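One structure below.
Protein chains in written order, with this note's numbering: chain H, 180 to 391; chain P, 10 to 19.
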């Protein structure tokens, strides 16, 4: 564990707490893509199967349990508790275009041809693009509540922090994980447009609005 | 350089 990874994980943790806080306080999941949230559940469940057979640390264990349970809780909030505030008609990204290619990539690129290792690869690839339905929705509506942009910024910062972590691990432990690094760079790159507007508008006190 | 997976990460 190094500081970059710790900051990344804390940022990830913060993003989920911000999202839950936004839904609870506004009593609405307006502006949040259910598809992206459902993809995150898929990501966490397929990656953290090792909870059952591999012990890393107490920290690692609790974080995994938290990510699986909180992402399921968010689906519950969106589909049950605040269902009327969820508008599927603007959440129109076709996720089969993400799931299919990620499954094929995982069958080609993995470290061992076992069910859990292929699912691990799949989860890494899927995570890198899971935000697309959310960004697509943002692009369509052209605006977002400020709290939603804080959620996205924290979520984007999470994988961005992992990049210096991998560089650090390359120097100190001499290991490189090409699957995680490539996907992580793609994942972070997808946020660049968003970050530009976030830094130039939201952090200057303006509303998040995309040019028409 | 060892190519290895980072299964200890989240």
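Cβ coordinates follow ideal geometry from the N, Cα and C atoms, glycine included. Given the structure is predicted, the values throughout are model-derived calculations rather than measurements.
When only Cα atoms are considered, residue 210 of chain H and residue 249 of chain H end up about 19 angstroms apart. Close partners of residue 184 of chain H in chain P (Cβ separation under 7 angstroms): 18.
It is roughly 31 angstroms from the alpha-carbon of residue 285 of chain H to the alpha-carbon of residue 327 of chain H. Annotated three-state conformation of residue 323 of chain H is strand, per DSSP. In this structure, the straight-line span from the alpha carbon of residue 310 of chain H to that of residue 352 of chain H is close to 31 angstroms.
If you compare the alpha carbons of H:331, H:330, H:332, H:355 with that of residue 342 of chain H, the shortest gap goes to H:355. Closest in alpha carbon position to residue 279 of chain H, among H:267, H:301, H:296, is H:301. Within chain P, the residues 14 have their CB atoms less than 7 angstroms from the CB of residue 290 of chain H, given in chain order.
With at least 16 other beta carbons inside 10 angstroms of its own, residue 377 of chain H counts as buried. Closer than 7 angstroms at the C-beta level to chain P, one finds these residues of the segment 359-381 of chain H: 359.
The CB of residue 220 of chain H never comes closer than 8 angstroms to any CB in chain P; the least such distance is about 15 angstroms.
Here residue 366 of chain H really is in contact with residue 338 of chain H; their C-beta atoms are around 5 angstroms apart, less than 8 angstroms.
Residue 258 of chain H and residue 225 of chain H have their C-alpha atoms spaced approximately 22 angstroms apart. Taking C-beta atoms as the reference points, residue 243 of chain H and residue 227 of chain H count as a pair closer than 9 angstroms. For residue 236 of chain H, the nearest beta carbon of chain P is closer than 9 angstroms to its own beta carbon.
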